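All residue numbers in the sequence shown are consecutive under the working numbering, ending with 413.
C-beta: ideal position from N, C-alpha, C; glycine also.
Computed from a predicted structure; not experimentally measured.
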Amino acid sequence: MKKFQLLILLLGLAGSICSFAYIQELDNFQAEELTEKSTFQAGENIQLSFKITGVEQPKLYLHHSYGSTLLNESKKDNDRFIFQLPEIFSKKTGELTWLLLGEEEHLLSGTITIIPATTTKTQLETYLGPRSIVAGYEDFSMLVVSPTDSYDNPLPDSTEVFIFKQYKNRISEFKVAMNNMMAWRNMMSEPKAGIMQISSQVNGTSSKEFTSNIYPSNATNFLISWDRNHEYADGNQLTEFSTSVIKDEFENIIADGTMVEFLIHTEENHLLKTYASTINGIAKAKMLHPDSPQTWNVKAYIPGVAESNTIELTYQPILEDFPVKFSAGNRKITVGPLVSFMEQLIPDGAQVKLLIYNEGELIETKQKTSSNGKVAFLLGKEFYPEKRYSFQVKALGVTKEFRERKYE
């Protein structure tokens, strides 16, 4: 029990010991370190030798950043004792403190230093990120290289790391010194979109190839134009809006899939929207013609980034007039035929509205779509029991009024 208490006391003092070995003589024993060097390479067969008299079974306590242990066994040759360090300690770099213990005595203490095994093959851990950056002179990908020896010990500070960058037909080489177990460099972007390939090399060991994609930067302002089959407000044909080739400030065509928003302001102060994604820098969107004559003001945006010029489009009336026929005791109202700008029937689907008034008050609005150029409205007696009604008929921007019609 007394020996155990002494050992615990010595272990508690181990953290403060930073001296090299010496010869210690007491009345009953003598101890001398015989190890010739205090610096070893990781992975080396490390043995600590001592000349000890007066102690039959010395012990060696080891303290390392990876842990601590007590060696009870040693090789003995007369009064010479040799302790073999376990691989867990001999393969890891750093400072190792040892204490030589007798039966109840602290005999000697000292330290050895284990350095990286620079003669072994260098291992590389390499990281690159982000892998996607934008063109210009500000964005970058960071390359971090952590070289180690074959026992996973970081190489010494100031170890040279070579970094290679390939962009288009140009290869650049950089030399960086390790510091705090790693070397790093910001790999700056280029003004033109493309692919940047990066690798590193240390002591003849090369990393794999890393790729960083350089995408176009933010879009700049652009122009828009329009195209349509005719200028008439038929509510049927489509007007196509198209952007110019949208580029960034470095003349890179912006990335495919960039969303462009077209905003259309109508005469009624309504706001219409249509969207399109870019392909090869151009976005094309379509909008249905209005069903009444009016003027549109159109402008496009890449929200928060860029905008276009404003264009103005005017849509002409597709018809000047249309016939309306009352029949079946004025209970059936037939609108049409609706004839377009070439005297052809307008396409099916044109909206026609019938506004019904009684004594000057609007009581109902009916709406139908045309078929074969005509629309028919039926006024059932059970729903419209009054004796007099007035009407407005609206179709494709033309309004016709009919004063009081009598009903039985």
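Nearest to residue i (by Cα), restricted to the options the options
i      : options                           : result
Leu160 : Glu143, Phe346 and Ala122         : Ala122
Gln397 : Glu391, Glu387 and Glu409         : Glu409
Phe388 : Ile361, Glu366 and Ile287         : Ile361
Asn363 : Ala355, Pro342, Lys96 and Lys392  : Lys392
Ala355 : Thr283, His294 and Leu148         : His294
Ala76  : Leu106, Thr319 and Asn83          : Note on residue identity: the sequence assigns Leu, not Ala, to residue 76. Of the candidates Leu106, Thr319 and Asn83, the one whose C-alpha sits nearest the C-alpha of Leu76 is Leu106.
Ile200 : Phe407, Arg136, Glu366 and Ser282 : Arg136
Lys64  : Glu109, Gln372, Asp82 and Lys330  : Glu109
Gln62  : Gln46, Phe34 and Gln171           : Phe34
Thr263 : Asn223, Val60, Thr244 and Glu236  : Asn223
Thr244 : Ala260, Thr225, Asp296 and Lys405 : Asp296
Pro352 : Phe255, Ala400 and Gly309         : Ala400
Span of the beta strand (DSSP E) around residue i
i      : result
Ser204 : Gly199 to Val207
Met192 : Ala188 to Met193
Met292 : Lys289 to Leu293
Gln299 : Gln299 to Ile307
Met147 : Phe145 to Thr153
Ser54  : Gln52 to Thr58
Thr404 : Val403 to Lys411
Gly385 : Taken as a continuous stretch (DSSP letters only), Gly385 belongs to no beta strand (DSSP E), as it is neither H nor E.
Asn363 : Gln356 to Asn363
Phe267 : Met264 to His270
Residue i and residue j closer than 9 Å at C-beta
i      : j      : result
Leu359 : Thr370 : yes
Gln202 : Glu214 : yes
Ile323 : Gly378 : no
Thr102 : His69  : yes
Ala219 : Ala311 : One detail in the question is off: residue 219 reads as Ile in this sequence, not Ala. No, Cβ-Cβ distance for Ile219 and Ala311 is not below 9 Å.
Thr125 : Ser146 : no
Ser211 : Ser217 : no
Asn185 : Lys97  : no
Ile338 : Phe382 : yes
Phe331 : Phe407 : yes
Thr74  : Leu67  : yes
Asn425 : Lys197 : Residue 425 is absent from the structure shown; the chain starts at 6 and stops at 413.
Gly365 : Glu413 : no
Thr279 : Gln299 : no
Endpoints, alpha helix (DSSP H) assigned at residue i
i      : result
Glu366 : Per DSSP, Glu366 belongs to no alpha helix (DSSP H); it is in the beta strand (DSSP E), Glu366 to Thr374.
Ile229 : Per DSSP, Ile229 belongs to no alpha helix (DSSP H); it is in the beta strand (DSSP E), Ile229 to Arg233.
Phe95  : Contrary to the premise, residue 95 reads as Ser rather than Phe in this sequence. Segment Glu92 to Ser95, the alpha helix (DSSP H) holding Ser95.
Separation of residue j from residue i, as counted between CA atoms
i      : j      : result
Ser177 : Ala288 : 37 Å
Gly99  : Ile120 : 7 Å
Glu325 : Gly385 : 30 Å
Ser230 : Ser151 : 55 Å
Asn234 : Arg336 : 39 Å
Ala188 : Ile168 : 10 Å
Lys304 : Ile368 : 39 Å
Leu277 : Val329 : 32 Å
Ser313 : Tyr306 : 6 Å
Gly72  : Thr127 : 25 Å
Thr153 : Phe255 : 41 Å
Glu236 : Glu348 : 16 Å
Asp239 : Leu350 : 11 Å
Pro91  : Asp82  : 20 Å
Which of helix, strand or coil DSSP assigns to residue i
i      : result
Phe327 : coil
Val166 : strand
Ile138 : strand
Ser211 : strand
Pro322 : coil
Val310 : coil
Asp84  : coil
Ser280 : The sequence given here places Tyr at residue 280; Ser does not occur at that position. Strand at Tyr280.
Ser395 : strand
Glu348 : coil
Ala400 : strand
Ala333 : coil
Glu41  : coil
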